[in-house]
Amino acid sequence: MTELEREIRRTFADAGVHGRLHAMPLGGPDREVGVDPDEPVVMASVYKLPLLVAFCRRVDAGELDPREQVTVDPAGRTAGPTGLSVMRDPVTMSWRDLACSMIGVSDNAAADVLLRRVGLDHVNETLSDLGLERTRVLGGTADVYRTLVADTAAADTAAAFRTLTSNDAAPAVRAYDAVLASATTPREMTRLLAAVWADRAASPQQCRFARELLGAQAWQHRLRSGFPPVGVRVAGKTGTLAAVRNEVGVVQFDGERPVAVAVFTRAARAEELLPRADAVIGQTARLAVTDLRSGRL
Numbered sequence: 001m002t003e004l005e006r007e008i009r010r011t012f013a014d015a016g017v018h019g020r021l022h023a024m025p026l027g028g029p030d031r032e033v034g035v036d037p038d039e040p041v042v043m044a045s046v047y048k049l050p051l052l053v054a055f056c057r058r059v060d061a062g063e064l065d066p067r068e069q070v071t072v073d074p075a076g077r078t079a080g081p082t083g084l085s086v087m088r089d090p091v092t093m094s095w096r097d098l099a100c101s102m103i104g105v106s107d108n109a110a111a112d113v114l115l116r117r118v119g120l121d122h123v124n125e126t127l128s129d130l131g132l133e134r135t136r137v138l139g140g141t142a143d144v145y146r147t148l149v150a151d152t153a154a155a156d157t158a159a160a161f162r163t164l165t166s167n168d169a170a171p172a173v174r175a176y177d178a179v180l181a182s183a184t185t186p187r188e189m190t191r192l193l194a195a196v197w198a199d200r201a202a203s204p205q206q207c208r209f210a211r212e213l214l215g216a217q218a219w220q221h222r223l224r225s226g227f228p229p230v231g232v233r234v235a236g237k238t239g240t241l242a243a244v245r246n247e248v249g250v251v252q253f254d255g256e257r258p259v260a261v262a263v264f265t266r267a268a269r270a271e272e273l274l275p276r277a278d279a280v281i282g283q284t285a286r287l288a289v290t291d292l293r294s295g296r297l
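Right, here's the structure in full:
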């Protein structure tokens, strides 16, 4: 174990989380930083990144018109705190704008609508085509919520989350189990990001679209929080499910090679708001990226 790995592990422990991490430079030397990078981890909303890539590939194949309009009715929307999930009336927008909301604010409703159109089988075929054999998507957010209600014996999703975020209860839920939930490894997520940044995941046009969406993500409290406000660009996708807090993304200092980084955590405590558990994603990513920075090109 290197001193850097020890420091990253200490940083995770100090924040009260169990963490796994992988980082590697893109287009540069064959170097990496890893903390259990090949251990299976629950994706939570990180699954929306493979879904985005699968969407881009269906557009490339001419199987989906990204500008086609679709109306999403509130009666069938997946619950969530952002995007279409909180809107009261029918919303009509294009498939590509649904993708924008899915990535930009992690919109659960938009993601589940898009998943139905793209197809779960196509998402997993995309992962297989890209050589990501340890990554699988079992369903969307609505599917996860159904398992939570069943596993907590709750009346509805809101009640299930009250149980899940209580330190007086310790329910065994499938959503926390990488064997039973949509799962990946930190290394496979940096490989997927590398394929998007190298225009290998889809056509150059669609990979550029994916990079733009990831670069416009609204959340600043995890990966982005570990880096200066100027002179560095951060593109990423978060994942959250009660004690699970994740983010995968690409960090690029001006004039330097980008670095892909994936951080997956599970907090020891169950509260919904744990600022240190969010911030440690940026802190550990900074440690890894600092070690891998290329210097001015």
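Counting from 1, one number per residue, gives the positions in the sequence shown under my numbering. Note that beta-carbon positions come from the ideal geometry of N, C-alpha and C, so glycine has one too. Treat the numbers as computed from the prediction; the structure is a model and nothing was measured.
Chain-order list of residues whose beta-carbon lies under 8 Å from that of residue i (same chain, five-residue window excluded)
i, result
"residue 167", "269, 270, 271"
"residue 171", "151, 152, 163, 164"
"residue 90", "71, 72, 73, 74"
"residue 228", "none"
Sequence-distant residues of the same chain with beta carbon closer than 7 Å to residue i, five excluded per side
i, result
"residue 103", "48, 52, 213, 214, 217, 237"
"residue 149", "156, 157, 160"
"residue 257", "25, 26, 27, 28, 294, 297"
"residue 130", "192, 195, 201"
"residue 273", "none"
"residue 9", "35"
Start-to-end residues for the alpha helix (DSSP H) that takes in residue i
i, result
"residue 128", "120-129"
"residue 2", "Run containing residue 2: none; DSSP gives neither H nor E here."
Residue i: first and last residue of the uninterrupted beta strand (DSSP E) it sits in
i, result
"residue 106", "From DSSP, residue 106 is part of no beta strand (DSSP E); its letter is neither H nor E."
"residue 59", "Run containing residue 59: none in the beta strand (DSSP E); it sits in the alpha helix (DSSP H), 48-60."
"residue 20", "17-25"
"residue 303", "The structure shown does not extend to residue 303, since the chain is modelled only from 1 through 297, so no value can be given for it."
"residue 92", "91-94"
"residue 34", "33-35"
Test item: CB-CB of residue i and residue j under 8 Å
i, j, result
"residue 173", "residue 147", "yes"
"residue 40", "residue 123", "no"
"residue 12", "residue 240", "no"
"residue 71", "residue 109", "no"
"residue 138", "residue 182", "yes"
"residue 247", "residue 222", "yes"
6 Å Cβ shell around residue i - same chain, five flanking residues per side excluded
i, result
"residue 265", "17, 19, 245"
"residue 189", "248, 262"
Three-way DSSP call (helix, strand, coil) for residue i in this model
i, result
"residue 165", "coil"
"residue 72", "strand"
"residue 140", "coil"
"residue 265", "strand"
"residue 299", "Residue numbering for the chain in the displayed model covers 1 to 297; residue 299 lies beyond these limits and cannot be assessed."
"residue 284", "helix"
"residue 154", "coil"
"residue 290", "helix"
"residue 179", "coil"
"residue 41", "strand"
What are the uninterrupted segments assigned as beta strand (DSSP E) that are 3 or more residues long and contained completely in the segment 195-262, given in chain order? 232-241, 244-253
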